[in-house]
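This report concerns only the one structure given below.
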Amino acid sequence: MQVRNAEYNPKRFAAVIMRIRRPRTTALIFASGKMVCTGAKSEEDSLEAARRYARVIQKLAFPV
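Here it is, written out as structure tokens:
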């Protein structure tokens, strides 16, 4: 499956790395379902970014 601004190389790192431009953040999404959102300037930006990442994952037909 192809997702824009996402990369997965299990030999390098055990998580999917996704990026969005606004707010400018990076998410690490692990096989366990846990997500780490980094790079946000505020807590509100982090919450908005987490919701956007969850929406992208939902659109790929994964349960969120």
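Numbering of the sequence shown is given in our numbering, commencing with residue 254 and proceeding in unit increments. Glycine included, each C-beta is placed from N, C-alpha and C at the ideal position.
DSSP beta-bridge partners of residue i
i: Leu281; result: Ile270 and Val289
For residue j and residue i, the rounded distance between their alpha carbons
i: Leu281; j: Asp298; result: 16 angstroms
i: Ser285; j: Ile310; result: 14 angstroms
i: Arg275; j: Arg305; result: 10 angstroms
i: Thr291; j: Val256; result: 19 angstroms
i: Phe266; j: Phe283; result: 10 angstroms
Cut-off 7 angstroms between Cβ atoms - residues of its own chain near residue i, not counting five sequence neighbours on either side
i: Glu260; result: Ile270
i: Val317; result: Ala307, Ile310 and Gln311
Assumed close pair residue i, residue j - CB separation to whole angstroms, cut-off 8 angstroms
i: Ala302; j: Ala293; result: 6 angstroms
i: Asn258; j: Arg272; result: 5 angstroms
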